[in-house]
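Numbering (the working numbering) for the sequence shown: 14 to 347.
Here a beta-carbon is modelled for each residue, glycine too, at the ideal position from N, C-alpha and C.
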Amino acid sequence: MTIFNQSCIPVPYDDEVLSSWMYRVREVFPDPEVRALYELDYEEALESPLMHAYNGGLSYEVDLDFDFDSQEVIEFVRVYDLSIDWVKSTFGLQNSHFIPLKFKTDYCLRCMDEAVTSIGFPVYLKSWRSIFSPFCIKHRCALRSTNMVLVNSIQFTMDVFEYAYQYPKHLEREDYWFTSTSNVQQLGIIVAERIKLLLLEATEAGIYDEVSSFLMALLRTVLAKDIFTVHPSVMKAEVQYSDGYRSKGPLTPFYQRPFLSTGMARGHAFYMVGLMLGWIDECEASKLQVDFDLYFPFSANCIWQRVANPNRLLIILEFHSTYLLNASMLSGRR
Ligand SMILES: [Zn+2]
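Here it is, written out as structure tokens:
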């Protein structure tokens, strides 16, 4: 794109989400939107998504990271003279397994700090919205989870960054969690890297969906309350979200659980998934010094003993089995 050479539009940061970039563009180069507003008559201007954006409205509950058909994105693309195809190819995700906007809380503060040093703004990354990416692979750490409930999606990145430093106690508490659970997180990172490679390999039609459904079934299982027993004083396991989003039905909490879990909890879950798939050496696992959880599993068999309905889980896993990931790979099953 030549627009970046001809204007003040900042170049998107590697892996940046659209809302994060839109915020930066508006901050450094507001002229096109301001000019567009002047061209409208009063009534039109009041209804314009640009006006709502400047008043801090409209983007609430609109996912400006991925909803490229939303009115606000369409207007943004028009006034900055961008190509919607370019926006989709630059900011789109390859898969649909991303954390819904209402549960978007995870971030890596070190990545944000580096972006501030490099381009003067914190950024929010696409990979932090992926359900299968609970770690920052660059810094080899679990993602933090902000306590700030989403208010405005375009302002979110800056708000998260400012909130983090306004409430250092929260950061200190997270650092304590990171330290207490670091040995487990390191094994979880190995599993996350293997899953990432597996998903990259799943390019054939339908295979990606089967592999991700297989993984989601395992994640839901190990994050179920009768298996996932980490004490809340050690780890914040559930993301902060508005109570209005709490599911009322009997089944939805089970299906929602991976999306409601913090990056750190999903990192732990990846450790358990690694045990179930035989990817983690159980001798190595048994050497983990874990003093925060009396029921912490060191073997696949230990997890299977706590699965409420192992036969049902096996049926689901066999249904989603492919040559990349299948039920015969499972370790320690009864
Ligand atoms: Zn990072």
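For residue i, count the other beta carbons within 10 Å of its own beta carbon; 16 or more makes it buried, fewer makes it exposed. Which is it?
i, result
"Q107", "exposed"
"E187", "buried"
"S131", "exposed"
"V353", "The requested residue 353 is not part of the displayed model; the chain covers only 14 to 347."
"W317", "buried"
"G133", "exposed"
"I144", "buried"
"Q198", "buried"
"K135", "Here residue 135 turns out to be Pro, not Lys, going by the sequence shown. Flag for P135 reads buried."
"T216", "exposed"
"W190", "buried"
"Y55", "exposed"
"I373", "Because the chain is modelled from 14 through 347, residue 373 falls outside the range shown and cannot be assessed."
"I293", "buried"
"K85", "The sequence shown places Glu at residue 85, not Lys. Its Cβ being crowded by 16 or more others within 10 Å, E85 is buried."
"C296", "exposed"
"S102", "exposed"
"L330", "buried"
Just to confirm, are residue i and residue j a CB contact at a threshold of 8 Å?
i, j, result
"E223", "H333", "yes"
"V47", "C21", "no"
"T275", "K249", "yes"
"L63", "S32", "no"
"T335", "I220", "yes"
"Q253", "T118", "yes"
"M285", "P310", "yes"
"Y36", "M171", "yes"
"L236", "A282", "yes"
"V129", "Y93", "no"
"V243", "F169", "no"
"E185", "I150", "no"
"A155", "M277", "yes"
"S312", "A298", "yes"
"S226", "K115", "no"
"F104", "V204", "no"
"F79", "I97", "no"
So if DSSP puts residue i in a beta bridge, which residue, or which two residues, is it bridged to?
i, result
"C296", "For C296, which the question treats as bridged, DSSP gives no partner whatsoever."
"S143", "F111"
"F148", "A155"
"E251", "S274"
"E29", "L138"
"Y120", "R157"
Just to check my reading of the structure: residue i and residue j have Cβ atoms closer than 8 Å, yes? What is that Cβ distance to the nearest angstrom?
i, j, result
"F272", "P113", "6 Å"
"V162", "Y120", "With a Cβ gap of about 14 Å, V162 and Y120 do not count as contacting."
"L338", "L211", "6 Å"
"F267", "R319", "F267 to R319, Cβ: 15 Å. No contact."
"V100", "V90", "6 Å"
"A58", "I167", "Actually they are not in contact, since the Cβ atoms of A58 and I167 sit about 19 Å apart, beyond 8 Å."
"R157", "L122", "6 Å"
May I ask you to verify whether the segment 134 to 146 touches the segment 180 to 195, counting CB pairs closer than 8 Å and requiring at least 3?
no
Decide if the segment 280 to 294 is in contact with the segment 337 to 345; the criterion is three or more beta carbon pairs, one per stretch, under 8 Å apart.
yes
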